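Below is one structure; the comments refer to it alone.
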Amino acid sequence: MRPVMLCNLCPRHCGVDRDVSQGYCMSPNIIKLARAALHFWEEPCISGTKGSGTVFFCGCNLRCVYCQNSEISGGGAGIPMSDEDVMRTFDRLIEKGAHNLNLVTPTHYADSVARILEKYHSPVPIVYNCGGYESVETLKRLEGLVDIYLPDFKYADSALAAEYSHAPDYFERASEAIKEMNRQVGVLKLDSDGIAERGLIIRHLVLPGAVSNTKKVLRWIKENLPEGTVVSLMSQYTPYAKAAEHPPLDRRISKYEYEIALDAMIDLGFDNGYVQSRRSAQKDFIPDFQSHEGLL
């Protein structure tokens with residue numbers, strides 16, 4: 000008889016056997032990937048001049064009503080990949096000159112990711128690019144395997160987290176997870192070319208009608224993490240997926256809203272971070288997942 004592995008990788012604690020059924024992430028036990036390609040629209044220290052080797056995992060442990068990757072986050076899309084397939088995918092990205100291997104939404108495959116990274120010994124930094132809704136216990140299994148943590152910190156407002164991502168405990172789980180990420184990798188370190196080598200970058204997407212949430216997130220970061228912690232304050236929100244059913248998510252953020260968010264960042268004394276042009280709020284920046292680029 001095969002051993003039964005009940006999944007508790009994320010804060011959902013579904014406790015399902017993913018070999019025979021699926022939990023909240025709608026994902027099987029075997030890794031499913033949607034795309035693997037050089038990406039040039041991440042933070043400058045991640046994309047650099049050669050591109051970030053982004054590997055998009057299918058499925059997600061959140062249900063963000065505005066998800067720009069909703070085409071793959073439901074778990075049904077993608078191509079099943081063995082450990083060896085994943086490592087060959089990594090090899091191809093590195094051969095193309097990728098500055099790093101950027102694992103996008105890997106949370107629900109964290110055990111498989113850890114197993115692969117223990118075997119792979121990447122010559123470039125490993126980026127763990129996640130939604131922030133993480134289990135500290137799972138993150139500890141990744142210690143020494145991940146070089147750069149790139150989490151979202153979506154909400155300090157539990158009501159918004161419940162309505163928009165079906166995760167009322169998001170703030171509690173994300174705040175403790177980000178503290179653990181900081182413990183592991185510390186403040187961001189760049190090489191002589193300005194490319195990230197190790198450390199933490201926290202992303203926050205400013206949502207329409209939710210500037211007060213942004214202020215709370217920024218204040219928590221300032222009060223709980225070391226000086227020099229890097230924040231990427233994003234203006235790229237684009238109404239997508241089921242956003243139209245949740246006003247004011249049916250519109251982009253205004254110039255005024257983003258200016259308020261920037262002022263809050265400055266007033267809190269952040270002197271190390273990234274901001275975005277509002278031109279980034281376009282669907283043209285969403286990758287093509289139908290082609291399964293880099294996987295076939």
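Sequential numbering of the sequence shown, starting at 0, is according to numbering that gives the first Met the number 0. Idealized CB from N, CA, C, for every residue including glycine. Owing to the predicted nature of the structure, the values given are computational and were not obtained by experimental measurement.
Entirely enclosed beta strand (DSSP E) segments - the region 113 to 170, minimum 3 residues
Here the runs fully enclosed are 125 to 129, 147 to 150.
So is E41 buried or exposed if we call it buried at 16+ other beta carbons inside 10 Å?
buried
Give the straight-line distance between the Cα atoms of S20 and P10, rounded to the nearest whole angstrom.
18 Å
Cβ separation of A176 and G131, assumed to be a contact under 8 Å, to the nearest whole Å
Yes, they are in contact, since the Cβ atoms of A176 and G131 sit about 6 Å apart, within 8 Å.
Give the single residue among L217, L37, L61, E83 whose Cα lies nearest to the Cα of L116.
E83
8 Å Cβ cutoff met for L37 and V54
no
Can you name the start and end residues of the beta strand (DSSP E) that N101 belongs to?
100 to 103 is the span of the beta strand (DSSP E), which, as asked, contains N101.
Entirely enclosed alpha helix (DSSP H) segments - the region 58 to 111, minimum 4 residues:
69 to 72, 82 to 94
Neighbourhood of K299 by C-beta distance below 6 Å, restricted to the same chain and skipping five residues each side
The shown model of the chain, from 0 to 295, leaves out residue 299, and the question about it has no answer.
Quick one: using the 10 Å Cβ neighbour count with 16 as the cut-off for buried, is S111 buried or exposed?
buried
According to DSSP, is C44 part of a helix, a strand, or is it coil?
helix
Sub-8 Å separation of V216 and E179 beta-carbons:
no
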